[in-house]
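Working notes, structure below.
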Amino acid sequence: MTLLEALPIALLGALLGLDVVSFPQAMVSRPIVAATLAGAFIGNPPAGLLIGVVLEMIALDTLPFGASRYPEWGSAGVVGGALFAAQPPTMPGALPASLLAALLTASISGWSMVVLRRLIASRLERTRDRMEEGSRDALLSLHISGMSMDLLRGGLVTITAMMIFAPLVRAIVAVWGSDSAPSRAVVVVIAAMVAGGALWKVFHSVRYVLWFLLAGLVVWMVLLVAR
Amino acid sequence: MTDAPTRSFELPLRVRLAMYFRLFALQGSWNYETLNGTGVGFAMEPALRCLPGGIGGPAYRSALARQSRYFNAHPYLAGIAVGALTRAELEGVDSVRIERFRTALAGPLGSVGDRLVWASWLPFCSLVAMGVYGAGGSALAVVGTFLLLYNAGHFTLRAWGLRTGLSRGLNVASALGNPVLRHGPQYIGCAAAFMAGIALPLALQRVAGPGRALVGGIIGAALIGILLLARLRERAEGWRIALGVLAIFVLYSVLT
Chain Y
1 MTLLEALPIA
11 LLGALLGLDV
21 VSFPQAMVSR
31 PIVAATLAGA
41 FIGNPPAGLL
51 IGVVLEMIAL
61 DTLPFGASRY
71 PEWGSAGVVG
81 GALFAAQPPT
91 MPGALPASLL
101 AALLTASISG
111 WSMVVLRRLI
121 ASRLERTRDR
131 MEEGSRDALL
141 SLHISGMSMD
151 LLRGGLVTIT
161 AMMIFAPLVR
171 AIVAVWGSDS
181 APSRAVVVVI
191 AAMVAGGALW
201 KVFHSVRYVL
211 WFLLAGLVVW
221 MVLLVAR
Chain Z
228 MTDAPTRSFE
238 LPLRVRLAMY
248 FRLFALQGSW
258 NYETLNGTGV
268 GFAMEPALRC
278 LPGGIGGPAY
288 RSALARQSRY
298 FNAHPYLAGI
308 AVGALTRAEL
318 EGVDSVRIER
328 FRTALAGPLG
338 SVGDRLVWAS
348 WLPFCSLVAM
358 GVYGAGGSAL
368 AVVGTFLLLY
378 NAGHFTLRAW
388 GLRTGLSRGL
398 NVASALGNPV
408 LRHGPQYIGC
418 AAAFMAGIAL
428 PLALQRVAGP
438 GRALVGGIIG
448 AALIGILLLA
458 RLRERAEGWR
468 IALGVLAIFV
478 LYSVLT
C-alpha cells in the first residue's frame, strides 16, 4: 500500500479517532461502524462489517469509564476493516491476521490518547495564569488545539498502522498454514469468550439478568429450528 | 454570602443552541489535571457573554475562570451542570456557593452517567446491531440501526440535561432522581441480557459461516472461556487475553 492509497483511510481514522472522546461521541467510532465504513472505502462493506462485528464483541470488554485507560477502537476499527476488506475472501488467514493488526492498533492508539492528554495538561500548565484571569482566547486556544491534536493523533496512528500492517498481513495470509474452518473457529471462540465475559462483568449485578439471558437463548433456539 | 438570585435570567435561543452544540465537544481538551473542567467553561462561554460588561468584563472573566477549573462528569450528563451553573452565574449567585455546588454535582453526574450510558445503553445498542447482523442484515441496516438507536438516546439525553439545568439552576439535584436515571440501568440491563441471548449466537453463527464443522468444539471452548473470564471479572482484561491467544495462533499458523 502506498502512502497516497493510505491517505483516505488515514483521514477516516482521524475523524473516527476524534469521535472517541473529543467530538461528537456519536459512536461512529465503534468498531461495528468504523470497520464497515473502512470496508466501504475499499469497496467491500460486507467484509468490513464482518470484522467490525468481531471487534465490537471484543470492544464490549473495554467501556470508556471516566479517566480509565482503554484501547481506542475508532482508528483500530478503520485499520481492521480496511485490511480485511482488501484481502481475497477465500484466504483462511485474512480474518485472524487482520484482527490481530486491529487489536495491536487499538492498544497503541489507546496509549497515544494518554500521551495526548498529558500534552494537553502541559499546555494548560503553561497558560495557567491566563486561564485564571478568565482569558477567553486561552480557553478557546487550549480547547481547539486539543481537538486538532486528537484529529492528528487518529490520522497518524491509522496511517502508520496501515503502512506497517498492510504488507505484514498480506505476507501472513500468503504463508498461512491452518485450514479455513479452524481459522474461523478460533476467531469465533475468542469473540464469544470476550463478549460473554464482558457482558457478565457489566450486567452480573442486574436483578433477574440470568432469566432474561435464558429467555433470549430460548428465542434464538426457536429461530434456529424455524429456519 | 448571597442566597437569593440577584438578576433575572433569560437566554436567547441562539445562545442555547450554541451551548448545546458545544456540549458535543465538551471533552475536546480533556486532560488528567482538570478532566472535563475546561470543557464545561467552553460550553458555558456563549452564555457568559450575557453577563454585565459582556466579553472581557470582570463578571465574564471571573465566571469563565471559575468554570474552567477541575470538573468531572459523564459527558452526556454534563449538560445538567452546564445549564445549572450558567443559570447560577447569570442570576448573580455568590461565587462561594457556586463553587460548592459545582464540587457536589461532579460525583453523581459521573457515576449515574457511567451506569446509564456506558454500562447499559451502549452495550444494548451494540447487541441490537449484532442481532440485525445475525438476522442477515446488510451493512447499511446494521450500521444504520446502531447509529439511529444509540444517538436517539444520546442526543435526547444531552438536550434534556441542558434544558433541565437551565430551568432548575441550583435546585437541579432533584433531577437526578428522574426514573430514567434511577431505574434505567436495571431495565436496559435486562433488555440487553435478553438481546445477548438472541444476538450473540446469531451473529457468531454468521461470522463462523455455513457448515457444521467444529460446532461442538466452538461451543465448548467458548463456554469454558466465558466461565473463566466471568470468574476473573476485574482481574483480567478479556481483550488482552484475546490479543495474546490470537498472536499465538497466528504465529502457529505461519510457522506450520
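Residue numbers (the working numbering), protein chains in the order written: chain Y, 1 to 227; chain Z, 228 to 483. Backbone N, C-alpha and C define an ideal beta-carbon position, used for all residues, glycine too. Every value quoted in this text rests on a predicted model; they were computed, and no experiment measured them.
Proximity test, Cβ basis, 8 Å: residue i and chain Y
i	result
residue 398 of chain Z	no
residue 297 of chain Z	no
residue 387 of chain Z	no
residue 453 of chain Z	yes
residue 230 of chain Z	Because residue 230 of chain Z sits at a pLDDT of 46, beneath the cut-off of 50, its placement in the model cannot be relied upon, and the following sentence gives the value as read from the coordinates. For residue 230 of chain Z, the answer is no, since every Cβ of chain Y falls outside 8 Å of its Cβ.
residue 316 of chain Z	no
residue 330 of chain Z	no
residue 476 of chain Z	yes
residue 384 of chain Z	no
residue 343 of chain Z	no
residue 465 of chain Z	yes
residue 353 of chain Z	yes
residue 480 of chain Z	yes
residue 462 of chain Z	no
residue 381 of chain Z	yes
residue 448 of chain Z	yes
residue 319 of chain Z	no
residue 436 of chain Z	yes
residue 335 of chain Z	no
Min CB distance residue i to chain Z below 8 Å
i	result
residue 172 of chain Y	yes
residue 29 of chain Y	no
residue 25 of chain Y	yes
residue 22 of chain Y	yes
residue 43 of chain Y	no
residue 112 of chain Y	no
residue 33 of chain Y	yes
residue 89 of chain Y	no
residue 214 of chain Y	yes
residue 105 of chain Y	no
residue 94 of chain Y	no
residue 5 of chain Y	no
residue 12 of chain Y	no
residue 186 of chain Y	yes
residue 153 of chain Y	no
residue 182 of chain Y	yes
Where the alpha helix (DSSP H) containing residue i begins and where it ends
i	result
residue 294 of chain Z	285 to 294
residue 219 of chain Y	209 to 226
residue 444 of chain Z	442 to 459
residue 62 of chain Y	Here residue 62 of chain Y belongs to no alpha helix (DSSP H), and DSSP marks it neither H nor E.
residue 23 of chain Y	Here residue 23 of chain Y belongs to no alpha helix (DSSP H), and DSSP marks it neither H nor E.
residue 73 of chain Y	73 to 85
residue 113 of chain Y	94 to 126
residue 228 of chain Y	Since the first residue of chain Y shown is 1 and the last is 227, residue 228 of chain Y is not available in this structure.
residue 479 of chain Z	465 to 482
residue 365 of chain Z	Where residue 365 of chain Z is concerned, there is no enclosing alpha helix (DSSP H), given that its DSSP letter is neither H nor E.
residue 193 of chain Y	180 to 203
residue 282 of chain Z	No alpha helix (DSSP H) contains residue 282 of chain Z, which DSSP labels as neither H nor E.
residue 247 of chain Z	240 to 250
residue 414 of chain Z	406 to 435
residue 329 of chain Z	322 to 340
residue 31 of chain Y	31 to 42
residue 313 of chain Z	305 to 317
C-beta neighbour in chain C for residue i, strict 8 Å
i	result
residue 445 of chain Z	Going by chain labels, chain C is absent from the structure shown, which instead holds the protein chains Y and Z.
Identity of the residues DSSP links to residue i by a beta bridge
i	result
residue 262 of chain Z	Z:258 and Z:298
Contact test: residue i Cβ vs the ligand GTP heavy atom, cutoff 7 Å
i	result
residue 77 of chain Y	In the structure shown, the ligand GTP is absent, as is every other ligand, since no ligand is present at all.
Interfacial residues, the segment 267 to 279 of chain Z to chain Y, with Cβ spacing under 8 Å: 268, 269 and 272
Contact the segment 419 to 427 of chain Z vs the segment 168 to 181 of chain Y: 3+ CB pairs below 8 Å: no
Residues of the segment 52 to 68 of chain Y with Cβ closer than 7 Å to any Cβ of chain Z, in chain order: 53, 54, 56, 58, 60, 61, 62, 63, 64, 65, 66 and 67
Selection of the segment 189 to 211 of chain Y by Cβ proximity to chain Z, strictly under 9 Å: 189, 190, 191, 192, 193, 194, 195, 196, 197, 198, 199, 200, 201, 202, 203, 204, 205, 206, 207, 208, 209, 210 and 211
Chain Z contacts made by the segment 122 to 140 of chain Y, where a contact means CB separation under 7 Å: 124, 131, 132, 133, 134, 136 and 139
Short-range partners of chain Y found in the segment 304 to 315 of chain Z, where Cβ spacing is below 9 Å: none
Where the segment 236 to 260 of chain Z meets chain Y: residues whose CB sits under 8 Å from a CB there: 251, 252, 254, 255, 256, 257, 258, 259 and 260
Near-chain Y residues of the segment 423 to 434 of chain Z (beta-carbon distance less than 9 Å), N- to C-terminal order: 423, 424, 425, 426, 427, 428, 429, 430, 431, 432, 433 and 434
At least 3 beta-carbon pairs within less than 8 Å: the segment 273 to 280 of chain Z vs the segment 137 to 150 of chain Y: no
Three-pair Cβ contact test at 8 Å for the segment 307 to 319 of chain Z versus the segment 386 to 405 of chain Z: yes
Sufficient close CB pairs (3 or more, under 8 Å) joining the segment 357 to 366 of chain Z to the segment 259 to 279 of chain Z: no
Contact the segment 87 to 95 of chain Y vs the segment 33 to 42 of chain Y: 3+ CB pairs below 8 Å: no
The segment 291 to 304 of chain Z in contact with the segment 259 to 278 of chain Z per 3-pair CB rule at 8 Å: yes
Meets three-Cβ-pair contact criterion under 8 Å: the segment 101 to 119 of chain Y and the segment 68 to 87 of chain Y: yes
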